[in-house]
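Heads up: the structure comes next, in structure tokens.
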Amino acid sequence: MPERDVFSWTTIIGGYAILGCHEEAIKLFQEMLRVGPEPNEATIVNVLSACSSNGALASGEWVYTYLSSRPDFPLDGPVGNAQINMFVKCGDVDKAIHVYNKLESKDIITWSTITTGLLEKAEAFIRAMPVEADGSVWGALLNACKIHGNEIMFERVRKRLVGSRSVSVGTLALLSNAYAGCERWEDANRVRDEMRLGGLKKMAGSSWVEVSPVINGDEVELTSASLG
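The numbering of the sequence shown is this note's numbering, which starts it at 1229 and goes up by one.
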């Protein structure tokens, strides 16, 4: 090819990303910036996808810095979503929130991606607590996973919850309802049967802690509330 334009560069970078050749995609993008045309939105989305899949936070931050040097570059839409997704998957949820709060317009992909990051941050917070979290705390996170449709984390938290030694009847009821909400009727009925066989009853004065991503206007934060 005598002269490669932005479309040919982007096609090859995207192809590498799709095939799982993430390092090659990132290196080609770096070469493009040195000798090729300026990237377009599709180029940025493809290289950020490669960074996300490879867990290459340093490379993703490098792309983020490049975008910061381009005030003329449109950051809303696919590019903004790709940045948030990259930071979430690479473990830098705080930076994902920073990008989210800078976006002027947000869509369903933006909301769902940042919610995933907030749930993961909540899980990390619970695991890092100086005292072992009880069933009510894990149950609150399980409920948040159900509400926001995070099935992968739901299963992970469920396994942790089932192994907890301090599971209350309220938490088990929440687990049963969560199964029912996912149309997993056999699992829901199994939990309810276990509750009946165990003669479990809700204790007076018991409470739960609800952990949930909260969106205030155009900004997000993590909150918790005690429920009686």
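Just so you know, even glycine gets a beta-carbon here, dropped at the ideal spot from N, CA and C.
Predicted, not measured: the structure shown is a model, and the values here were computed from it.
Residue i to residue j span [Cα, whole Å]
| i | j | result |
| --- | --- | --- |
| Asn1329 | Arg1424 | 47 Å |
| Pro1265 | Val1291 | 16 Å |
| Phe1382 | Asp1362 | 17 Å |
| Pro1306 | Arg1420 | 44 Å |
| Asp1320 | Ala1368 | 23 Å |
| Arg1298 | Arg1355 | 39 Å |
| Tyr1244 | Glu1360 | 44 Å |
| Leu1295 | Ser1277 | 15 Å |
| Glu1411 | Leu1389 | 20 Å |
| Arg1232 | Gly1248 | 23 Å |
| Met1260 | Ile1240 | 11 Å |
| Arg1384 | Gln1258 | 37 Å |
| Trp1366 | Val1327 | 28 Å |
| Thr1238 | Ala1350 | 36 Å |
| Arg1262 | Ser1236 | 16 Å |
Pair within 8 Å by beta-carbon distance, residue i and residue j
| i | j | result |
| --- | --- | --- |
| Ala1416 | Lys1374 | no |
| Arg1386 | Leu1403 | yes |
| Val1271 | Ile1312 | The sequence given here has Thr at residue 1271, not Val. Going by C-beta atoms, Thr1271 is not nearer than 8 Å to Ile1312. |
| Ala1344 | Gly1308 | The amino acid at residue 1344 is misidentified as Ala; the sequence shows Thr. No. |
| Met1314 | Ser1280 | yes |
| Glu1251 | Asn1282 | yes |
| Cys1318 | Leu1285 | yes |
With 16 other Cβ atoms within 10 Å as the buried cut-off, status of residue i
| i | result |
| --- | --- |
| Gly1409 | exposed |
| Pro1358 | exposed |
| Ala1253 | buried |
Nearest residue (CA-CA) to residue i, options the options
| i | options | result |
| --- | --- | --- |
| His1376 | Glu1348, Pro1358 and Val1273 | Glu1348 |
| Asp1335 | Ala1356, Asp1304 and Lys1317 | Asp1304 |
| Leu1331 | Asn1378, Ala1350, Leu1276 and Ala1310 | Ala1310 |
| Ile1325 | Gly1248, Leu1346 and Ile1354 | Leu1346 |
| Ser1287 | Leu1256, Phe1301, Pro1299 and Phe1353 | Leu1256 |
| Gly1242 | Arg1388, Glu1231, Pro1267 and Arg1262 | Pro1267 |
| Phe1301 | Val1316, Val1327 and Glu1269 | Glu1269 |
| Lys1323 | Glu1289, Asn1378, Phe1353 and Ala1352 | Glu1289 |
Residue i at chain D interface by Cβ criterion, 8 Å
| i | result |
| --- | --- |
| Val1321 | Absent from the structure is chain D; it holds one protein chain and no more. |
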